[in-house]
Every structure is written in structure tokens, then in C-alpha cells.
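Q: Numbering (this note's numbering), first residue to last: 122 to 470.
Note that CB positions come from ideal geometry on N, CA and C, so glycine has one too.
Note that this is a predicted model, so its numbers are computed, not measured.
#1: Need the endpoints of the beta strand (DSSP E) that residue 123 sits in, please.
#2: Among 141, 310 and 207, whose alpha-carbon lies nearest the alpha-carbon of residue 125?
#3: In chain order, which continuous runs of the beta strand (DSSP E) of length 3 or greater are located wholly inside the segment 142-211?
#4: Quick one, are the C-beta atoms of residue 414 and residue 438 less than 9 Å apart?
#5: Do you know offhand how far residue 335's Cα is from residue 420's?
#6: Rounded C-beta distance between residue 146 and residue 172? I'm assuming under 8 Å.
#7: Less than 9 Å between the C-beta atoms of residue 250 and residue 296, yes or no?
#8: Using a Cβ distance threshold of 8 Å, determine whether the segment 302-322 contacts the segment 360-379, with at least three qualifying pairs required.
#9: Can you tell me which of the three DSSP states residue 300 falls into?
#10: Using a threshold of 9 Å, state whether the C-beta atoms of residue 163 and residue 192 are closer than that.
#11: Is the beta carbon of residue 427 sitting closer than 9 Å to the one on residue 404?
#12: On the premise that residue 176 lies in contact with residue 169, defined as a C-beta separation below 8 Å, what is that separation, rounded to the nearest angstrom?
#13: Counting C-beta neighbours from all protein chains within 10 Å, is the total for residue 418 16 or more, i.e. buried, or is it exposed?
#14: Out of curiosity, what's the CA-to-CA distance linking residue 322 and residue 351?
#15: Residue 347 by DSSP, collapsed to three states: which one?
#16: For residue 313, report the span of its alpha helix (DSSP H) as first-last.
#17: What does the Cβ neighbour count give for residue 429, buried or exposed, with the cut at 16 atoms within 10 Å?
#18: Classify residue 211: buried if its beta carbon has 16 or more other beta carbons within 10 angstroms, exposed otherwise.
#19: Rounded to whole angstroms, what's the CA-CA distance from residue 229 to residue 358? Just pull it up for me.
#20: Starting from residue 275 and walking both ways along the alpha helix (DSSP H), at which residues does that stretch end?
#21: By alpha-carbon positions, which one of 463, 328, 238 and 327 ends up nearest to residue 379?
#22: List the residues that DSSP assigns as beta-bridge partners of residue 255.
#23: Return yes when the Cβ of residue 258 is within less than 9 Å of the Cβ of residue 399, no when it is not.
#24: May I ask you to list the residues that DSSP assigns as paired with residue 326?
#25: Under 7 Å Cβ to Cβ from residue 327, same chain only, skipping five residues before and after it: list those, please.
#26: Does the Cβ-Cβ distance between residue 236 and residue 127 come in under 9 Å?
#27: Mind checking whether residue 142 and residue 280 have CB atoms under 9 Å apart?
#28: Restricting to Cα atoms, I'd like to know which of 311, 436 and 156 is closest to residue 451.
#29: Can you tell me which of the three DSSP states residue 435 falls into?
#30: Please specify which runs of the alpha helix (DSSP H), each continuous and at least 4 residues long, are wholly inside the segment 395-444, giving them in chain order.
#31: What does the alpha-carbon distance come out to for the pair residue 368 and residue 442?
#32: In the DSSP assignment, what residue or residues form a beta bridge with residue 374?
#33: Exposed or buried, what is residue 330 when buried is set at 16 or more other beta-carbons lying within 10 Å of its beta-carbon?
#34: Using DSSP with H/G/I as helix, E/B as strand and the rest coil, what is residue 235?
#35: With distances taken from CA atoms, which of 337, 219, 241 and 411 is nearest residue 371?
#36: From the DSSP output, in three-state form, read off residue 224 for me.
As C-alpha cells, this is what we get:
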């Protein structure tokens, strides 16, 4: 099968540091190539892939200080994809709705994976206008705010099976991984660790939009002796950071579409302690791969019980449910269905 994967351009594929969507694009693309498909990746030129790379911009836009308009390179890339559409059997968008207009005019099946939040009111009229565009959700919970979209599947994310290997948890600390923002609630993580009497290590980036929040709400809390702020870490650092942790704190306050950090922890055999929001009940198996709680009081009690969970069993759950190979197989099934539906329509015409 000839497959085009269309990545956002903000980060390389895979990202040098933080970047969930581009990381999933990398894992999916390489897994599809490994199973024998002919894959073309449209992404930034500093990407690394086993597929054929078409560089839409020399480097990731977030790292290019000359960029003033982040949308223009993306629109240019999408027009290039539309002009080359006949070279592919299916086109897979990972940049939400920006490609819908360009690809609608082609006769090639295409789909979009919705990687972000869908609880924005302006999305509802947009998806009423594009009811025909097939989209994939990354959790069932993600769908609830946007019933107008034409969902054809829910496909959870997956990681390469050997990218993160089990650790011992010998460090004994709680880990917070990802991004400093109100919805990720690092302040909650600090309070939970404090009341549980445990050390907390925070490996997270601070986006420009969250600088004020970090300065006002989080930075004053970092002076506490049990809190260590590491900052943004690279992919090769995650195995040690997560593998040595007693558990991952995921104390979110929002409707999380998926939560890649949760399955990264599971790959390391590390249990997850998460608030009951969004995708969490679909990802965490209560009492097996972690604990799901409703408030900070419950979280403190659960944090003290995390070492009781079987790390080898957590890893086995990861291998069964959250590998890149499983993710690729799920997408191939969707691709084949879209191609067959397109052929059926053409036959009738």
C-alpha cells in the first residue's frame, strides 16, 4: 500500500525534545514501513525516518528563529500533497482540519487523526461543514464534545516495543513528565508528593504561553526540598527517568485526549496515578497498571500503594495494548476500508 503521512511542522519527526503528535507520527510511519508498506512522510527536513521523506521546511518551525508565520509552510505542504495525491492509495493527516479543503478536491481517500482537544466551540460548525471527512479519535472520551465529526475508529497511541524498557523503580520518587500548564496541574503533583511524604522529580517543558503561570504558580513551589525540577528531557532520557520512579503522577484537570506519558510509564513497568478525566479510564487498568482517583486525598493514599503493583505485569499490559505495531495494524485496517469504500463508489459511478 502507498501511504502518505502528513505531519505538523512545529517539531521534527520524531521531536528532538517534547512533542506528542510528531512522536506518534514517527512511530506509526516506521511501523508501517517495517510491515512492508511504501510510506512517504511529509515533515520538516530535520526529521529522521525509514520512510521516504519530503521536507516541507528545512527544520522544525519551533526551532527556526526566522519563522514569523507558522501557518504558511503548512499550507504550502498541504497543497503539495494535494498535487501529488494520485501517487498514493491513502493520505493520512495529523494536522487536523487544515488539509480538508485541499484534499477534498482529490479522488484519493484521506483521513485525519484528531490529536488535540475537541472541546472548543468553534470546532462544532467547522465539523458540521466537513461531515464527510473521516476522522480517527485517539480515545472514546475525546469524542464527547464534538459529536458532529465523522468518526470511523478510535485508535489508541502506541510506542515501539523496545524504545522504553522496564526499570526497577529503585529511585523511589514520584515522576511528573510532559508540560507545565494549568491543565496538566504540576501544582497538584507537588501537593500530592508533599502529603505522601515522597520525593517528586519534574521533567517538563514550559511553553511561551505558560511562562506567566510557571513564574507565578509553580516556580515558588520548586524551592521545597522534596521537589526537583529537571526541565525538558530528550527521548533517550525517559527510560531512566520513568524506570527508576516509583510511579508517574498524572494529576490532570482537563479532558485529556490520550496522555502519551501514561503509556511511556507503563512501557517502563512504572505504575500511573491519574485523575479521572478524559481518556484516563481507557488507558489505566485500575489496580493493575495504576490507580485512578477523584481528588488529591485519594491520590495521596494511592501514591503510598504504588510500589505494591507488579511492574512486570504492567509491562505485559503495555506489550498487549500499546505498541506501535498494534497501532499500525489498526490503521492499516482503516486504510483498507477507506480504499474499498472509494472503489465501491467509483464502480457505481
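A: Short version:
#1: 123-127
#2: 207
#3: 159-165 and 173-178
#4: no
#5: 23 Å
#6: The beta-carbon distance between residue 146 and residue 172, rounded to whole angstroms, is 10 Å. This is too long to meet the 8 Å contact definition.
#7: no
#8: yes
#9: strand
#10: no
#11: no
#12: With 8 Å as the limit, residue 169 and residue 176 do not qualify as a contact, their Cβ atoms being about 12 Å apart.
#13: exposed
#14: 7 Å
#15: DSSP places residue 347 outside both helix and strand once states are collapsed to three, so it counts as coil.
#16: Start and end: 307-317.
#17: So residue 429 ends up on the exposed side.
#18: buried
#19: Distance between residue 229 and residue 358, taken at the CA atoms: about 40 Å.
#20: Element bounds for residue 275: not the alpha helix (DSSP H) but the beta strand (DSSP E), 271-275.
#21: 238
#22: BP columns for residue 255 point to 271.
#23: The answer is no: Cβ separation not under 9 Å.
#24: 300
#25: 301 and 335
#26: no
#27: Contact flag unset, no.
#28: 156
#29: helix
#30: 401-404, 417-424 and 432-442
#31: 19 Å
#32: Its beta-bridge partners do not exist; DSSP assigns none.
#33: exposed
#34: strand
#35: 411
#36: helix
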